[in-house]
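In our numbering, the protein residues as written are 21 to 632. Presented below is the structure to which this report refers.
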């Protein structure tokens with residue numbers, strides 16, 4: 021079973037159609053898979069590269085809006101240095117000096133008026149303005165229009181201590197809780213702050229500092245409608261690295277660090293993208309830094325969100341590749357079987373050539389290479405048919421001559437044995453038995469002359485065997501006993517002439533019992549399932565395994581031991597007469613006797629010899 025399975029899966033055992041199908045399918049599959057995979061990988065790489073270029077460019081557009089916003093805030097701070105606003109402020113300075121460099125109602129109104137003109141038109145951006153005098157006072161004006169004075173020295177402010185620059189400064193994001201719980205900026209906890217020093221041209225110094233705080237909601241409005249995908253985050257950092265805008269409000273005011281996803285300090289360009297691992301997730305980190313303000317827009321987008329479309333393309337690619345493979349396999353099968361079908365038809369004709377008596381039943385009309393092959397095959401079959409007929413005729417002639425030769429070998433041998441038995445009886449002066457033996461011998465000779473056919477009715481053959489054993493009985497007397505078990509159904513069935521007689525002679529010759537010297541023979545013949553089944557049994561010395569193998573070899577290959585009379589002769593006759601359909605065997609054991617068995621197809625004696 022295992023050997024058959026192994027042979028079935030061996031490439032050389034495959035049919036030509038299967039080989040062509042497998043090879044063609046494998047070739048097409050390899051091409052389709054290679055093209056599909058390479059196209060998908062190229063598409064995937066191109067899309068990722070485009071995304072990595074596109075996202076920073078989008079962030080650049082955001083930065084441009086931020087630049088516009090910051091430019092507006094700077095414009096507000098610098099308005100006070102222009103006419104006519106500076107003239108109003110100059111009037112405030114004069115009133116301030118006249119009031120002893122202390123807040124009064126008059127100078128407060130003048131300052132409020134100057135600041136109001138400066139911020140006019142920009143209320144949507146402003147949270148509030150603070151004017152720091154050089155004398156340690158601060159005037160706070162909120163976006164509601166009210167104002168108040170507090171003692172507050174700008175020299176003590178952290179932004180002044182950190183920069184110590186009396187020039188325009190963008191402080192960036194600051195948490196503007198001003199001085200006490202009553203004066204604070206309410207609209208947002210964080211504000212975008214710019215500091216503008218106001219010069220005193222007469223004293224060649226500064227009169228004060230104007231601090232302007234802008235609303236970060238303007239920054240948020242820039243990002244309205246900008247959706248980078250699920251679990252994406254956008255951050256804006258000011259020039260100091262503080263987070264101005266974040267999807268997570270808890271991060272507002274926090275200084276951006278490299279651990280947050282991208283190291284801005286190590287960046288070599290104003291914009292870029294890179295794929296990073298952040299908290300166990302693959303993220304596309306992109307940034308764009310403004311060259312005007314130093315502000316940076318940062319986006320963190322999960323790669324899954326970016327490649328979801330690519331994944332669907334990959335799924336469709338796999339589906340299309342599988343479909344192409346299936347279609348190519350079906351096409352390969354159709355082509356292969358279409359090409360090999362005439363060859364298979366020719367192969368079937370070859371297999372059935374003997375059954376069809378070497379005649380072509382179905383011949384296709386073709387003019388291609390297959391048609392040429394069919395013509396050659398037709399010519400070959402005609403030559404084979406002629407040769408087979410000639411060989412069959414010669415075989416029949418040879419078979420007939422061989423059967424006659426075998427019979428001629430049997431008869432002299434038998435007659436010689438019979439005459440020898442009669443002579444020995446005559447020597448013993450048993451004249452009555454001699455007469456009886458001569459009568460039996462005459463019947464045997466008459467049987468031979470009257471039945472020259474190769475087969476005779478079984479009843480005639482049994483009568484001849486009885487005459488043979490009668491002659492042997494005269495020789496051996498009571499030492500010889502024979503038991504007949506003959507089925508009456510076989511009387512008219514044909515068996516080879518002189519087939520049982522040599523078996524009986526061998527049984528008499530070699531069937532002497534080692535125990536008492538007697539010869540006991542049993543002859544059994546019956547009809548069963550369309551066969552004549554018979555056996556000749558003796559109780560002689562028998563054969564050991566080596567002797568039995570030697571006898572069987574002589575039966576199968578009589579030429580090896582020279583001409584054999586007896587078992588090998590019968591074996592050859594049965595093979596020739598029944599064309600291999602008869603069975604003939606011998607079984608023996610040392611000290612247990614011998615049994616010779618035969619099994620012949622039934623042929624009835626009804627003039628035509630009908631075979632069952």
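Note that beta-carbon positions come from the ideal geometry of N, C-alpha and C, so glycine has one too.
In whole angstroms, what is the alpha-carbon distance linking residue i and residue j?
{"i": "residue 106", "j": "residue 87", "result": "26 Å"}
{"i": "residue 500", "j": "residue 574", "result": "28 Å"}
{"i": "residue 40", "j": "residue 299", "result": "54 Å"}
{"i": "residue 555", "j": "residue 493", "result": "20 Å"}
{"i": "residue 610", "j": "residue 567", "result": "10 Å"}
{"i": "residue 341", "j": "residue 60", "result": "11 Å"}
{"i": "residue 546", "j": "residue 402", "result": "45 Å"}
{"i": "residue 258", "j": "residue 83", "result": "11 Å"}
{"i": "residue 584", "j": "residue 616", "result": "Its pLDDT being 43, under 50, residue 584 is placed unreliably in this model, and the value from its coordinates should be taken loosely. Residue 584 and residue 616: Cα-Cα distance of roughly 17 Å."}
{"i": "residue 147", "j": "residue 274", "result": "21 Å"}
{"i": "residue 56", "j": "residue 343", "result": "12 Å"}
{"i": "residue 523", "j": "residue 365", "result": "52 Å"}
{"i": "residue 174", "j": "residue 63", "result": "59 Å"}
{"i": "residue 576", "j": "residue 593", "result": "12 Å"}
{"i": "residue 302", "j": "residue 339", "result": "27 Å"}
{"i": "residue 629", "j": "residue 473", "result": "Legend: pLDDT at residue 629 = 39, less than 50; position of this residue unreliable, no value from coordinates given."}
{"i": "residue 553", "j": "residue 602", "result": "10 Å"}
{"i": "residue 368", "j": "residue 361", "result": "10 Å"}
{"i": "residue 101", "j": "residue 119", "result": "23 Å"}
{"i": "residue 406", "j": "residue 478", "result": "39 Å"}
{"i": "residue 397", "j": "residue 371", "result": "13 Å"}
{"i": "residue 42", "j": "residue 363", "result": "18 Å"}
{"i": "residue 201", "j": "residue 167", "result": "Low per-residue confidence applies at residue 201: pLDDT is 42, beneath 50, and the placement is therefore not dependable, though the value from the model is reported in the following sentence. If you take the alpha carbons of residue 201 and residue 167, they lie about 15 Å apart."}
{"i": "residue 272", "j": "residue 262", "result": "8 Å"}
{"i": "residue 480", "j": "residue 569", "result": "33 Å"}
{"i": "residue 465", "j": "residue 513", "result": "22 Å"}
{"i": "residue 535", "j": "residue 614", "result": "15 Å"}
So the candidates are the options; which of them puts its Cα closest to the Cα of residue i?
{"i": "residue 311", "options": "332, 289, 592", "result": "289"}
{"i": "residue 172", "options": "623, 228, 133", "result": "228"}
{"i": "residue 156", "options": "148, 470, 177", "result": "177"}
{"i": "residue 308", "options": "322, 285, 443, 62", "result": "285"}
{"i": "residue 505", "options": "170, 456, 482", "result": "482"}
{"i": "residue 608", "options": "537, 52, 527, 576", "result": "527"}
{"i": "residue 620", "options": "612, 595, 614", "result": "595"}
{"i": "residue 250", "options": "297, 320, 95", "result": "320"}
{"i": "residue 604", "options": "560, 612, 613, 587", "result": "587"}
{"i": "residue 234", "options": "264, 248, 222", "result": "264"}
{"i": "residue 520", "options": "128, 589, 534", "result": "589"}
{"i": "residue 633", "options": "400, 212, 276", "result": "Nothing in the structure corresponds to residue 633, since the chain is present only between 21 and 632."}
{"i": "residue 337", "options": "618, 42, 58", "result": "58"}
{"i": "residue 507", "options": "447, 413, 548", "result": "548"}
{"i": "residue 75", "options": "253, 514, 606, 509", "result": "253"}
{"i": "residue 292", "options": "306, 404, 283", "result": "306"}
{"i": "residue 591", "options": "618, 613, 612, 514", "result": "618"}
{"i": "residue 612", "options": "408, 564, 600", "result": "564"}
{"i": "residue 532", "options": "514, 511, 557, 236", "result": "557"}
{"i": "residue 598", "options": "441, 571, 515, 572", "result": "515"}
Looking only at its chain, what residues have a beta carbon closer than 8 Å to the beta carbon of residue i, apart from the 5 residues adjacent to it on each side?
{"i": "residue 503", "result": "540, 541, 542, 543"}
{"i": "residue 345", "result": "45, 48, 49, 52, 53"}
{"i": "residue 117", "result": "none"}
{"i": "residue 113", "result": "220, 227"}
Beta-carbon within less than 7 Å of residue i's beta-carbon, same chain only, minus the 5 sequence neighbours each way: which residues are those?
{"i": "residue 463", "result": "487"}
{"i": "residue 85", "result": "242"}
{"i": "residue 436", "result": "none"}
{"i": "residue 445", "result": "453, 454, 457, 494, 495"}
{"i": "residue 154", "result": "226, 227, 228"}
So residue i and residue j are in contact, right, with Cβ under 8 Å, and what is the actual spacing, rounded?
{"i": "residue 111", "j": "residue 130", "result": "5 Å"}
{"i": "residue 562", "j": "residue 622", "result": "Not a contact, Cβ separation roughly 31 Å."}
{"i": "residue 94", "j": "residue 256", "result": "About 17 Å separates the two Cβ atoms, so there is no contact after all."}
{"i": "residue 133", "j": "residue 108", "result": "6 Å"}
{"i": "residue 231", "j": "residue 150", "result": "4 Å"}
{"i": "residue 560", "j": "residue 530", "result": "5 Å"}
Can you name, in chain order, every residue of its own chain whose Cβ lies under 6 Å from the Cβ of residue i, other than the five neighbours on each side?
{"i": "residue 476", "result": "517"}
{"i": "residue 169", "result": "123, 157, 159"}
{"i": "residue 460", "result": "487, 490, 491"}
(request) Indicate whether the contact test is met: 3 or more Cβ pairs, each with one atom in the stretch 73-89 and one in the stretch 312-323, closer than 8 Å. (result) Segment contact: the stretch 73-89 against the stretch 312-323, three or more CB-CB distances shorter than 8 Å; contact assigned.
(request) Spell out a yes or no on whether the stretch 339-353 and the stretch 40-56 are touching, meaning 3 or more CB-CB pairs, one atom from each, closer than 8 Å. (result) With a cut-off of 8 Å on Cβ pairs, the stretch 339-353 is in contact with the stretch 40-56, counting three or more such pairs.
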